[in-house]
Structures are given as C-alpha cells and as structure tokens.
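Student: So the sequence shown is numbered by my numbering: it starts at 73 and just counts up by one.
By construction, the Cβ of each residue, glycine as well, lies at the ideal position given by its N, Cα and C atoms.
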Amino acid sequence: MANSVRERGEVFTPPHMVKSMIDSLFVNGIERGCKILEPSCGTGNFLVEIAIELTKNVVYNEVGSDLSDMIVDAVSGLHGIDIHEPNVVTARGRLVETITKFAHDVADVDEDVLGDKLKKLFDQNVVCDDFLKTKKCFKYIIGNPPYQTEDEGYGRSAGAAYPDHVMHAIDLGEKICMIIPARWYLGGKGTSLFREFMANSRHITELRDYPDPRKVFKGVQIQGGVCYFVWDDKADSNIINYISNLDPDKPTFCRRMLVLKNFDIIRYTEARDIIDRVNDFGPVVNPVSETTSTRCPYGIRSHFIKTEHEEGNYILIGKHGYRKPLHPKYVTKGHQYIDKYNVYTGAYGAASYLRPNLVISPARILMPGEVCTESYCIVGTFDALSEAESFKTYMRTKFARFMVWIYKPTQQASRVVYKYLPHPANYDTIWTDEVLYDMFDLTDNQIKFIEDNIKEYKNVS
C-alpha cells in the first residue's frame, strides 16, 4: 500500500469511510443488479462492501435451491476498472472470496459452485483499463480517484488528477459519490475550472467536509483536508446537505448553499455568520489582501541565506533568527517597500486542520532598509512606525487570524487568504480581541467559535 501511495498517487479508503459514502449514495438501499462502477478501484474496497450488502439481501430474504444464481444476479451489475493489473487481480479475488464465504457461512451455499460463477462474472466486469477512456454509462459511480499526477508526494509540486476523473464520472453516471482533496474550494493548481463547475452546479445534494485528513486517511498527508460529495443528475437545487467534521466526534449538519453570493466556498458555516457580522459593520472594501505582497517580496529566495554574498547597508531577515547585512544589488523587486515600515508574517502557516490553530506566524515589522526572504510576505506598508505598531497588534489578534483561517485550506498563506480580513478602522489603536469582538458585535457563540479554533501566541515579543 505504501508503495502504491508513493508511486501511483493512490490513497486507499478506510472501511468506515467506505460505509459512510455507500450510505450517502444509496439512501434508499442498493438495487439488485443495477449497474454500479468503482473507477480506479484499487483492490475493490467499495465493490466488496456493496457486494456484501447485496449478498445479505439475498440470503436473508430468499429461500430455495437457486440461491447461488440469485446472488450472482444480485451482484451482476458491479463493475470495476483500474489501470494496474495487480489491483484488478486482487479486487476480483476479494469479491469472489468475500461473497462465497458469506453465502456459505450464512446459507450453506456451495462455495465451489458459486465461486466458479462469480469468477466468470468478475473476470468480465472488473477490468484493467484507463477509466478516462471508458464510455460505458452506469446508474451509480462511487470511489476514490487518483489525487495527483506526479510521484513527488502530496506537496505543492504535485498536479491535481482528481478533477478529470470526477468530471468523467459525471459524464457517465446518473448519481455519483467521490472522496477527493478539499483544496478545490479555493481553486488554483489545476482546479480552478473544476471549482467553477462545482460552485455553479445544482446537482450536488450532499457534501461532507473533513478538515483534518488524519481522521480519514492515516499516514497520508493531504493538505487542506478531504471531502466527499453526492452528485445527482436528477437534482436541481443550490441547497445541499452540508456536514462539517471540524470536530469528528461532533459532526454538524445543516441545509445551506455551497457557495456565498460571490461564489466563494467557506467550509465552516459558523464562519459565514461571522463574515456577515463583519459586513454588517461595513463591506470589506479594503481587505488586507490588497496590501499583501506577492510571493518573494524582494526577489530573495529562502536558500540565499546559505550562500556567500556581499554585505551592504541593507539588513536581510530570514528564518530561524537570521539577520545579516546585505548589499542592495541582491534586491531585485519590492523597491517601493525599502523606505517604509512594513508589517510582515510567514508565507506559510500552520496546517489548517490543527485545532486550536496559530494560522500565521506573529506579525513583525521591517524597519526602513530591512528586507526579507521569500519565507515571509508583507501584509501592510506604512509611513509611520506608530501606524505599523498598531497594525501589528491587529494582525496578532485571534479575530484577524480567524478571518485568515477561514479561507486558508493549506499551509500556504498567499495574498488571497487575507480576502475576508478588513483593514482596521484606524492605525492609532492598540488592537485587542475584546475591542474587535465588541466593535463587530459578535455573539457569545461566535466568540467561542473563534476562541476554540485560534491559538493564543505565547512568549512573543
């Protein structure tokens, strides 16, 4: 399994998630003989679980000497496809073994007779091929598609494979359920068109969100968490069943639109209410995203601090307390910041699933003549030190970091994640959470949601 994860981009679905997805897709039970496909089936986790349910339906409800034929007929609509032959062979074997053993143990069905019939069936129905080239249509499609196109792990360099697989499944199936990375909520990295399609769809009936991927897939790091959704060709509504597993022990259910009016996807329903409160105070016309620098604000890469370079009258700030003189010739961009007081924070923050979460590193100030590596980004630029000091206190509040957290699905803190954080009302105040909670008239429950999810900075100067 570990090799498959590394080499093939496969992430195997655990039993509890398989059962949950089957329950969501087949709300009225699984019909005997209906055409069901598990694409990129791996070793057939979904097929095996569905086969068990269909076999139970037969042996617990039917009598007679032809149980063997009834079972074969019940599972005759099960199909699987995978591009790797070893997976296909394993999936076929698991299906035959699981069904025959259950039927024999419960109803004393002849294992050899049933096994021969099932082997013939699944040799035809579970095949080695590329799902993206399949043209057959199915009533139901359920599965866990490949997540990436490269073999370099689940880091930033891997391309997204799942959008193509989901879109092809939608073309072929009447009703589908798939579990995929949740990074598409924000778009980018090959998911923007997919996100636009999903945001505009009126066929999604259910979405279950899992911000902490460790609660779903052990030993596999998937930045931004995962989700699974149900897509129904016959549905026509923008209201869905939304189940949040922010706290896996206490999932919350609500009926809501997937997207806001601006088509942004905010995974936490509680956060939507807080956004509304902030907008009631005044629409966010001056978000911090507008004053946030692009990546690598001065054109100095992180590894630069490990190289030999000429000193000068600038000061370079890097990770782990690095602070040394730098010649101006190394600064290739961001010259508009040089003579200003710049509030900066880390370009990467804590993993979004950690609770409570620091979100971003503590905001600090670059004095005139100080520059930083790409490990940091500038979030505000000021003419006066007092203004920068005020803004620094604002950026360190739980409220400000919460407004970043709600739109930050991964560790990366690019400028877009500051979209819902407004600039403060002024730059002559020492900002605290109490002042901000009162200013935006947040309720006790809203304050509790922020306090529960955002971690206090400790020992920060």
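Apply the 10 Å Cβ neighbour rule to Ser140 and answer buried if 16 or more other Cβ atoms are within range, or exposed otherwise.
Tutor: The count along the sequence shown starts at 1 and reaches residue 140 at position 68. It counts as buried.
Student: Going by DSSP, which residues form a beta bridge with Pro323?
Tutor: Start at 1 with the first residue of the sequence shown, and residue 323 comes out as number 251. Answer is none; Pro323 lacks a bridge partner.
Student: Return the chain-ordered ranges of every beta strand (DSSP E) run that is complete within the segment 383-459 and spans a minimum of 3 residues.
Tutor: Counting whole runs of 3 or more residues, the segment 383-459 contains the beta strand (DSSP E) stretches 386-389, 395-398, 413-418, 436-438, 442-444, 448-454.
Student: With H, G and I counted as helix, E and B as strand and the rest as coil, what does DSSP make of Gly354?
Tutor: For the purposes of this step, residue 354 is taken as residue 282 along the sequence shown, with counting starting at 1. Residue state, collapsed to three classes: coil.
Student: Given 6 Å as the limit, tell me if Gly136 has its C-beta closer than that to any heavy atom belonging to the ligand MN.
Tutor: The ligand MN is absent from the structure shown, which contains no ligands of any kind.
Student: In this structure, what does DSSP give as the bridge partners for Tyr282?
Tutor: As a working mapping, residue 282 is identified with position 210 in the sequence shown. Note: Tyr282 sits in a beta bridge opposite Val298.
Student: Alpha carbon to alpha carbon, how far is Pro253 from Ile294? Give it in angstroms, no decimals.
Tutor: Numbered from 1 along the sequence shown, position 222 holds the residue referred to as residue 294. Numbered from 1 along the sequence shown, position 181 holds the residue referred to as residue 253. Using only the alpha carbons, I get a separation of about 7 Å.
Student: Taking the alpha-carbon positions, what's the Arg344 to Pro111 distance?
Tutor: Within the sequence shown, residue 344 is the residue found at index 272, counting from 1. Within the sequence shown, residue 111 is the residue found at index 39, counting from 1. Approximately 35 Å, taken between the alpha carbons.
Student: For the alpha helix (DSSP H) holding Lys211, just list the boundary residues, first then last.
Tutor: Counted from its first residue, the sequence shown places residue 211 at position 139. No alpha helix (DSSP H) contains Lys211, which is instead part of the beta strand (DSSP E) from 210-215.
Student: Rounded to a whole number of angstroms, what is the C-alpha to C-alpha distance between Lys527 and Ile346?
Tutor: On the sequence shown, residue 527 is found 455 positions in, with the first residue counted as 1. On the sequence shown, residue 346 is found 274 positions in, with the first residue counted as 1. Taking the straight line joining both Cα atoms gives about 18 Å.
Student: Which one or two residues does DSSP pair with Pro52 in a beta bridge?
Tutor: What the structure shows of the chain is the stretch from 73 to 533, and residue 52 is not part of that stretch, so it cannot be assessed.
Student: Determine the contact status of Ile94 and Glu121, defining contact as a CB-CB distance below 7 Å.
Tutor: The count along the sequence shown starts at 1 and reaches residue 94 at position 22. The count along the sequence shown starts at 1 and reaches residue 121 at position 49. Yes.
Student: What would DSSP say about Thr221, mapped onto helix, strand or coil?
Tutor: Taking the sequence shown and counting its residues from 1, one reaches residue 221 at position 149. Thr221: coil per DSSP, three-state reduction.
Student: Within 10 Å of its beta-carbon, does Met270 have 16 or more other beta-carbons around it, so buried, or fewer, so exposed?
Tutor: To locate residue 270, count along the sequence shown from 1; it is residue 198. When all chains shown are included, Met270 counts as buried.
Student: On the three-state DSSP scale, how would you describe Leu126?
Tutor: Mapped onto the sequence shown, residue 126 falls at position 54. Three-state result, Leu126: helix.
Student: Identify the continuous beta strand (DSSP E) that holds Ile522 and give its terminal residues.
Tutor: To locate residue 522, count along the sequence shown from 1; it is residue 450. Where Ile522 is concerned, there is no enclosing beta strand (DSSP E), although the alpha helix (DSSP H) it sits in stretches over 516-525.
Student: Is Leu457 near Met475, with beta carbons less than 7 Å apart?
Tutor: Along the sequence shown, one-based indexing puts residue 457 at 385. Along the sequence shown, one-based indexing puts residue 475 at 403. Not in contact: Leu457 and Met475 (Cβ atoms no closer than 7 Å).
Student: Pull the bridge partners of Tyr257 from the DSSP assignment, please.
Tutor: Locating residue 257 in the sequence shown gives position 185, counting from the first residue. DSSP, once it has assigned bridges, lists no residue as partnering Tyr257.
Student: Mapping the DSSP letters down to three states, classify Gly105 as helix, strand or coil.
Tutor: As a position in the sequence shown, residue 105 is number 33, starting the count at 1. Of the three classes helix, strand and coil, the one that applies to Gly105 here is coil, per DSSP.
Student: What's the C-alpha gap between Leu279 and Val238?
Tutor: Here residue 279 refers to the residue found at position 207 of the sequence shown. Here residue 238 refers to the residue found at position 166 of the sequence shown. Roughly 14 Å separates the two Cα atoms.
Student: Rank Ala472, Gln483, Met89 by C-alpha distance to the C-alpha of Ala497 and give the top, closest one.
Tutor: In the sequence shown, counting from the first residue as 1, residue 497 sits at position 425. Answer by Cα proximity: Ala472.
Student: Could you tell me the alpha carbon to alpha carbon distance between Asp223 and Gly231, rounded to whole angstroms?
Tutor: The residue you call residue 223 lines up with position 151 of the sequence shown. The residue you call residue 231 lines up with position 159 of the sequence shown. For Asp223, the pLDDT reaches just 44, beneath the cut-off of 50, and the residue's location in the model is therefore unreliable, although a value from the coordinates is still provided. Their Cα atoms are separated by approximately 10 Å.
Student: Looking at the strands, I want to know which residues DSSP matches up with Asp304.
Tutor: In the sequence shown, counting from the first residue as 1, residue 304 sits at position 232. Partner(s): Lys247.
Student: Would you call the segment 458-469 and the segment 321-329 touching, i.e. three or more CB-CB distances under 8 Å?
Tutor: No: fewer than three Cβ pairs fall under 8 Å.
Student: Under the rule that 16 or more other beta-carbon atoms within 10 Å means buried, what is Arg468, buried or exposed?
Tutor: Counting from 1 along the sequence shown, the entry for residue 468 is found at position 396. Under this definition Arg468 is a buried residue.
Student: Helix, strand or coil for Thr277, going by three-state DSSP, please let me know.
Tutor: For the purposes of this step, residue 277 is taken as residue 205 along the sequence shown, with counting starting at 1. The answer is strand: DSSP assigns Thr277 an E or B state.
Student: Is it buried or exposed for Gln484, if we count other Cβ within 10 angstroms and need 16 for buried?
Tutor: Locating residue 484 in the sequence shown gives position 412, where the first residue counts as 1. It is buried - the Cβ of Gln484 has at least 16 other Cβ atoms within 10 Å.
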